[in-house]
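Asker:
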Amino acid sequence: MAEENNITESSKEKQKEPEAAGKTEEREDPGQLLITAQEADNYEEKLGLYDKALNLDPRYFDAWLQKGFVLDRIGKSEEALACYDKALELDPEHLGIKCLKGFAYNNLKDFEKAIECYDEVLKVNPEDVFSWYQKGSVLESLGRYGEAMEAYDRALEIDPTDVLIREKRLRLLELIYNKGTLTDSPDSGFN
């Protein structure tokens, strides 16, 4: 009887070994890591999960995209740009990444590069309201109010119901009125 118990225990232990080995060999799913990252409470945890996903699959487009977005949100725009460049290596025609690069350049106060990004998107999709709006905002930051107004007007032609763009345009009109001129107008030196 003791011998029978030893055999039974021995076979149970042998069954546990492959199960335990299977668990350590089980590969994590990068997609599941991104889902977990969406539910994470803080950016550091999100970044850790994105890095883990990218270690499993360095060509995981969405992980590069999301990591770049989070880095830009926490003020690490240069690192975000590197992530966006990796994503563009995987999908060179992705217009959303080009918009996000414009946003990161804007955060870095590299306004001319931001405009280049938005113009690149607008060459392919001249109906992209977000790019027109962002371009207007960047031009406004540069004091190029006339061009900014044109960008806002173009965005409103595409989507006349966008309240945010309407408000931004009205604030710009008020700014122009208070200054008494369009800084980039030909007669701006005479005011």
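The sequence shown begins at 1 in UniProt numbering and counts up by one. Each residue gets a CB set at the ideal place from its N, CA and C atoms; glycine is no exception. Predicted model only: the values in this text are computed from it and were never measured.
1) Would you say Lys98 and Glu120 are within 8 angstroms of each other, going by their C-beta atoms?
2) Using C-beta distances below 6 angstroms, list every residue in its chain close to Ala80, excluding the 5 sequence neighbours before and after it, in chain order.
3) Closer than 8 angstroms by C-beta to Thr8: which residues in its own chain qualify, once you throw out the five before and the five after it? Chain order, please.
4) Following the continuous alpha helix (DSSP H) through Arg73, name the residue where it begins and the one where it ends.
5) For Ser52, does the three-state DSSP call read helix, strand or coil?
6) Give the DSSP-derived three-state secondary structure of Glu9 in the structure shown.
7) Mind checking which residues open and close the alpha helix (DSSP H) that includes Arg27?
8) With burial defined as no fewer than 16 other Cβ atoms inside 10 Å of the residue's Cβ, what is the status of residue 207: buried or exposed?
9) Roughly how many angstroms lie between the CA atoms of Leu100 and Leu54, to the nearest whole one?
10) Would you kindly check if the distance between the Cβ of Leu56 and the Cβ of Ala37 is under 8 angstroms?
11) Are Leu139 and Glu147 closer than 8 angstroms when you measure CB to CB?
12) List in chain order: all unbroken alpha helix (DSSP H) runs of 4+ residues lying wholly within the stretch 118-143.
13) Distance check for Tyr60 and Glu25, CA to CA, integer angstroms please.
14) Please work out which residues of its chain come closer than 7 angstroms, Cβ to Cβ, to Ala63, disregarding the five sequence neighbours upstream and downstream, and give them in chain order.
15) Quick one, which of Asp91, Glu93, Ser77, Lys168 has its alpha-carbon nearest Phe130's?
16) Report yes if the CB atom of Ala114 is closer than 8 angstroms to the CB atom of Gly136, and no otherwise.
Answerer: Answer, in terms of the structure:
1) yes
2) Gly68, Leu71, Asp72, Ala104
3) In this prediction, Thr8 has a pLDDT of 42, which is less than 50 and means its spatial position is unreliable; nothing more can be read from the coordinates.
4) 61-73
5) The sequence given here places Lys at residue 52; Ser does not occur at that position. Helix.
6) At Glu9, the pLDDT of 47 sits below 50, so the modelled position is not reliable; the number obtained from the coordinates is stated separately. Correct three-state label for Glu9: helix.
7) Careful: Arg27 lies outside any alpha helix (DSSP H) and carries neither H nor E.
8) No answer is possible for residue 207: it lies beyond the span of the chain, which begins at 1 and ends at 191.
9) 20 angstroms
10) no
11) yes
12) 129-141
13) Here Glu25 scores only 42 on pLDDT, less than 50, and its place in the model is too uncertain to base an answer on.
14) Pro30, Leu34, Tyr50, Ala53, Leu54
15) Lys168
16) no
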